[in-house]
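S.K.: Below is the structure I would like to discuss, written out as C-alpha cells.
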Ligand SMILES: NC(=O)c1ccc[n+]([C@@H]2O[C@H](COP(=O)([O-])OP(=O)(O)OC[C@H]3O[C@@H](n4cnc5c(N)ncnc54)[C@H](OP(=O)(O)O)[C@@H]3O)[C@@H](O)[C@H]2O)c1
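Numbering (the numbering used here), first residue to last: 31 to 298.
Structure (C-alpha cells):
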C-alpha cells in the first residue's frame with residue numbers, strides 16, 4: 031500500500047470570485063483549453079479556472095449546454111464543435127497560445143454514448159489535441175491534464191491487483207467500450223508522449239467513484255490506488271477533481287509533483 035500525501039485545497043479557491051485574494055499586479059492569467067466543458071466535471075473546472083482569473087477556451091457540442099454564468103463570462107471563448115470534427119486549422123487555432131489543455135471528455139451514459147461512435151472518443155481526442163499542440167510549436171512546454179479513472183492501472187508502476195479485479199476489469203472492458211477508451215487515452219500519453227517529450231507534459235487524474243458536491247473539500251492524492259475500485263471503491267467528488275485539475279494546470283509546484291504520473295484522488 032502506497033503512503034498517501036494529504037492535499038488540502040487552499041482557502042483561496044473556496045472563496046467566490048469577488049473575494050479572492052488574487053493580486054492583479056502579480057497575477058499572470060494563463061490561456062487554457064478545456065474539452066468536455068459541458069460535462070459535470072468539465073463545467074466545474076471551467077468555473078474554477080475563471081474564478082482564478084484565467085482565460086478559458088472551450089470546445090462544446092452545444093454552447094446552450096453550458097451554465098448561464100459560464101456562457102456570459104467575459105473570459106470564456108466558446109467554440110462549437112468537437113475535438114474530432116474541427117478542421118486542422120480550427121483545432122490548431124484553438125490550442126495556439128494555450129499553456130494548458132484539459133480533457134474531461136467521457137462517453138454519455140446512454141446506449142448511443144456507450145456503444146455508438148466515436149468508440150475512441152477520449153483516446154482520439156487526446157491524440158488530436160497533442161498533434162495540434164505539436165504542430166503549433168509553442169515556445170514553452172504545454173500541460174495536458176486528462177480526466178481518467180481509478181479503474182485504469184499505471185503500467186509505469188508496479189500496481190498490484192487481485193485476480194478478481196483483473197477478471198472484473200476484463201469483463202467490463204469487453205462489455206463497456208468506454209473503459210478501454212479511457213485506458214487507451216492514458217496509455218497514449220504514457221507511452222507515446224512519455225516522460226521527456228520536448229513540448230508536451232501530461233498528468234492523468236484517476237478519480238474513484240464520482241459524486242456531486244457543491245463545494246471543494248479536502249482530498250488526498252496517491253500515485254496508485256489504495257483501495258480496489260471495483261470491490262471497495264472510495265468517493266471522489268467531481269468538484270474536487272476539477273479543483274485538482276485546475277491546480278495542475280496553473281500551479282507549478284503541483285504540476286512538478288504530478289507530471290508524467292497518474293494521480294489517484296479520493297475525498298478525505
Ligand atoms: N466512476 C465514475 O463515475 C468515473 C470514475 C472515474 C472517471 N470517470 C470518467 O470521467 C469522465 C468524465 O466524467 P463526468 O461525469 O464529468 O462526464 P459527463 O458529465 O458525462 O461529461 C462528458 C463530457 O463529454 C462530452 N461528450 C460526450 N460524448 C461526446 C462526443 N461524442 N463528442 C464530443 N463530446 C462528447 C459531453 O458533451 P455533451 O454535454 O455535449 O454531451 C460532456 O461534455 C467519465 O466519462 C468517465 O470516463 C468516471
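Each residue gets a CB set at the ideal place from its N, CA and C atoms; glycine is no exception.
Would you mind listing the alpha helix (DSSP H) stretches within the stretch 147–223 that are 4+ residues and don't spill past its ends, in chain order?
M.R.: If we require 4 residues or more, the alpha helix (DSSP H) runs fully inside the stretch 147–223 come out as 151–166, 193–205, 207–217.
S.K.: Would you check whether ligand 2 has a heavy atom nearer than 8 Å to the C-beta of residue 173?
M.R.: In terms of ligand content, the structure shown lacks ligand 2 and carries ligand 1 instead.
S.K.: What separation, rounded to the nearest whole angstrom, lies between the Cα atoms of residue 110 and residue 192?
M.R.: Approximately 43 Å, taken between the alpha carbons.
S.K.: Among the residues of its own chain, which have a CB less than 8 Å from the CB of residue 124, if the five just before and after it don't count?
M.R.: Excluding positions up to five away in sequence, the list reads 63, 87, 89, 109, 116, 162.
S.K.: Is it buried or exposed for residue 143, if we count other Cβ within 10 angstroms and need 16 for buried?
M.R.: Answer is exposed; the Cβ neighbour count stays below 16.
S.K.: Taking Cβ positions, are residue 67 and residue 96 nearer each other than 9 Å?
M.R.: A contact, by the Cβ cut-off of 9 Å.
S.K.: Between residue 254 and residue 284, is the Cβ-Cβ spacing less than 9 Å?
M.R.: No.
S.K.: Locate the beta strand (DSSP E) running through residue 276, then write down its first and last residues.
M.R.: Counting along the chain, residue 276 falls outside any beta strand (DSSP E), though it belongs to the alpha helix (DSSP H) covering 268–280.
S.K.: For residue 274 versus residue 240, is the C-beta distance shorter than 9 Å?
M.R.: Contact: no.
S.K.: Evaluate contact between the stretch 255–268 and the stretch 169–186, counting only Cβ atoms and requiring at least three cross-stretch pairs below 8 Å.
M.R.: Cβ pair count under 8 Å is three or more, so yes.
S.K.: Rounded to whole angstroms, what is the Cα-Cα separation between residue 292 and residue 207?
M.R.: Their Cα atoms are separated by approximately 21 Å.
S.K.: Below 8 Å, is the gap between the Cβ of residue 148 and the nearest heavy atom of ligand 1?
M.R.: Residue 148 Cβ: within cutoff of ligand 1.
S.K.: Can you tell me whether residue 175 sits near ligand 1, meaning its C-beta is under 8 Å from at least one heavy atom of the ligand?
M.R.: No, ligand 1 has no heavy atom inside 8 Å of this Cβ.
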